[in-house]
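Worksheet: the structure to be examined is printed underneath.
Protein chains: 2
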Amino acid sequence: MPAEAQVSAKVNKVAKVDARVTAPASPPLTERQEARRRRILHASAQLASRGGFDAVQMREVAESSQVALGTLYRYFPSKIHLLVATMQDQLEHMHGTLRKKPPQGEKAAERVAETLMRAFRALQREPHLADAMVRALTFADRSVSPEVDQVSRQTTAIILDAMGLENPTAEQLSAVRVIEHTWHSALITWLSGRASIAQVKIDIETVCRLIDLTAPDAHE
Amino acid sequence: MPAEAQVSAKVNKVAKVDARVTAPASPPLTERQEARRRRILHASAQLASRGGFDAVQMREVAESSQVALGTLYRYFPSKIHLLVATMQDQLEHMHGTLRKKPPQGEKAAERVAETLMRAFRALQREPHLADAMVRALTFADRSVSPEVDQVSRQTTAIILDAMGLENPTAEQLSAVRVIEHTWHSALITWLSGRASIAQVKIDIETVCRLIDLTAPDAHE
DNA sequence: CGCTAATCTAGAACAAGTTTCAGACTTGAT
DNA sequence: ATCAAGTCTGAAACTTGTTCTAGATTAGCG
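Just so you know, the sequences run in chain order H and U.
First residue of the first sequence: 1, per this note's numbering; consecutive thereafter.
First residue of the second sequence: 1001, per this note's numbering; consecutive thereafter.
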């Protein structure tokens, strides 16, 4: 029988979180395990904040989080998994923060653009961290699909929140997907120095106009 | 003084290619060097076609192309550089091919969507190659910016071609950028198995509607 | 308490990208 | 034809992600 295994998963920090955006708490973890996991994620974010993707070296993460290399790999089967998990973690924060002060815009498109720009500003404060997370996200192969999908759902939830929609139409979901595409890709161009902050802003605002197209009289 | 160094760059295969999409032929190469370069790109594409990004191993590329490892690195300073160059190469082909049979759609949005779907179908024929190229492209860091930018310009040219525009407005260029974002990101979701081909099609068609937004009476 | 299975640790080992180096080869110029 | 400078080769070395192993620990159970 298992050794460390009990304690309830203490997710759902933010009140009524949609089940679709809550991580599927697979095997419940011991307190010590939960603590290890947090230490690892913390070390990962910290190293990433310093030097971006390259600075997150597995041996360093292991050392910083006081865990053996093998253990690190037991928790996160690859560097990409680790960074995607780090992103999930950060996104949860972000979503919580964004919920508190909902965007002010009149129309849905404006609110979404405002929300994304707010998120973008947050990323600008830790550009290296953003680099590590976004690079990992787009570099992830099939073996990380579930986790990446989770991030995607969380992002979708944030956008739908901003739109103020309960039951989006298929067309609106398409628009949201395209917005997400633009969001990710625009971040990449910014991170690799091929687009300015202003440029990203324009792209976001441009793509958000798609929302008007799917619901000319959009509001809640 | 330089040793191997002369011969004119024999780019511009396709007649009147816009200067903005022509590689800035830096130091002209010897014929033997040009041949080496081609062998390398060929080996790269071949290995990529087999097993995607991971199958393109620098030692293997070197061996396949009958070049020493050090030489390979002299031509392409990193695996990412190599794969991005491979993409440039493939894109040139693609653009040439696409030029021949221009899209039929009435409206600009339709023509762009049709063109991109055509390109998408081409990629589907070599999914592993697509994987290698696209992953490299989005993973590229600042050191590869010039090359990635070149790919971006080439892509822009293809889209503008499909739109049939000579002097796009700033607004239209924004739309094109957003379309490119969507194109790249949608490819990624497809390659990582998180979106179906049908899904990609919808996303492309959705984003192309932005064009109508910037030019309601769009045509040539 | 004492047992058993799972987990953790330290460290070696392996894989693939990248760098380095000494010597052989080419090239353009004298 | 010869020379100087730049290029190519083959091979070793180095780096960092990933895997493997043997032994120490920990957790849950009777």
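Positions of the beta carbon are idealized from the N, C-alpha and C atoms, including for glycine.
7 Å Cβ shell around residue i - same chain, five flanking residues per side excluded
{"i": "H:Gly52", "result": "His128, Asp131, Ala132"}
{"i": "U:Ala1062", "result": "Ala1068, Leu1069, Leu1072"}
{"i": "U:Ala1122", "result": "Met1094"}
{"i": "H:Met117", "result": "Lys201, Ile204"}
Under 7 Å by beta carbon: chain U residues contacting residue i
{"i": "H:His181", "result": "His1181, Thr1182, Ser1185, Ala1186, Asp1203"}
Residue i Cβ short of 6 Å to the ligand GTP heavy atom set
{"i": "U:Leu1083", "result": "This structure simply doesn't include the ligand GTP, nor any ligand for that matter."}
Beta-carbon contacts of residue i that lie in its chain and below 6 Å, excluding the five residues immediately before and after
{"i": "U:Asp1089", "result": "Leu1041"}
{"i": "U:Ile1113", "result": "It is worth fixing the name first, because residue 1113 of chain U is Ala in this sequence and not Ile. Only Ile1204, Glu1205, Cys1208 meet the Cβ criterion."}
{"i": "U:Ser1064", "result": "Ala1043"}
{"i": "H:Glu180", "result": "Thr155"}
{"i": "H:Gln172", "result": "Thr214"}
{"i": "H:Ile80", "result": "Ala136, Ala140, Val144"}
{"i": "U:Ala1055", "result": "Leu1047"}
{"i": "U:Ala1175", "result": "Leu1210, Ile1211, Thr1214"}
{"i": "U:Leu1082", "result": "Ser1044, Phe1076"}
{"i": "H:Gly195", "result": "Gly is not the amino acid found at residue 195 of chain H; the sequence shown has Ala there. The residues are Thr189."}
{"i": "H:Leu39", "result": "It should be noted that the sequence gives Arg, not Leu, for residue 39 of chain H. Once the five neighbours on either side are set aside, the close Cβ partners of H:Arg39 are Ser65."}
Cross-chain neighbours of residue i in chain U, by beta carbon under 8 Å
{"i": "H:Phe139", "result": "Arg1135, Thr1138, Phe1139"}
Residue i classed as buried or exposed, judged by whether at least 16 other C-beta atoms fall within 10 angstroms
{"i": "U:Pro1077", "result": "exposed"}
{"i": "U:His1093", "result": "exposed"}
{"i": "U:Ile1159", "result": "buried"}
{"i": "U:Arg1074", "result": "exposed"}
{"i": "H:Ile197", "result": "exposed"}
{"i": "U:Glu1110", "result": "buried"}
{"i": "H:Thr86", "result": "buried"}
{"i": "H:Ala48", "result": "buried"}
{"i": "H:Lys100", "result": "exposed"}
{"i": "H:Ala35", "result": "exposed"}
{"i": "U:Glu1106", "result": "exposed"}
{"i": "U:Arg1135", "result": "buried"}
{"i": "H:Thr115", "result": "buried"}
{"i": "U:Glu1031", "result": "exposed"}
{"i": "U:Arg1059", "result": "exposed"}
{"i": "H:Ser143", "result": "exposed"}
{"i": "U:Thr1169", "result": "exposed"}
{"i": "H:Pro146", "result": "exposed"}
{"i": "H:Arg177", "result": "buried"}
{"i": "H:Pro102", "result": "exposed"}
{"i": "H:Lys10", "result": "Only weak support exists for where H:Lys10 lies, its pLDDT of 32 falling under 50; the value from the coordinates is given anyway. H:Lys10 is exposed by the Cβ-count criterion."}
{"i": "H:Ile202", "result": "buried"}
Neighbour list for residue i in chain U, Cβ cutoff strictly below 9 Å
{"i": "H:Leu210", "result": "Val1178, Thr1206, Val1207, Arg1209, Leu1210, Leu1213"}
Chain H contact residues for residue i, given Cβ-Cβ distances below 7 Å
{"i": "U:Ala1175", "result": "Thr206"}
Within chain H, partners of residue i - CB distance below 8 Å
{"i": "U:Arg1194", "result": "Ser145, Val148, Asp149, Ser152"}
Chain-ordered chain H contacts of residue i [CB-CB under 9 Å]
{"i": "U:Arg1142", "result": "Leu191, Ser192, Gly193, Arg194"}
Same chain, Cβ closer than 8 Å to residue i, neighbours up to 5 away in sequence not counted
{"i": "U:Val1014", "result": "At U:Val1014, the pLDDT of 34 sits below 50, so the modelled position is not reliable and the matter cannot be decided from this model."}
{"i": "U:Val1200", "result": "Phe1120, Ala1186, Leu1187, Thr1189, Trp1190"}
{"i": "U:Ala1050", "result": "Residue identity differs from the one stated: residue 1050 of chain U is Arg in this sequence, not Ala. Only His1128 meet the Cβ criterion."}
{"i": "H:Ala84", "result": "Residue identity check: residue 84 of chain H is Val in the sequence provided, not Ala. The residues are Met133, Ala136, Leu137, Ala140, Val144, Glu147, Val148, Val151."}
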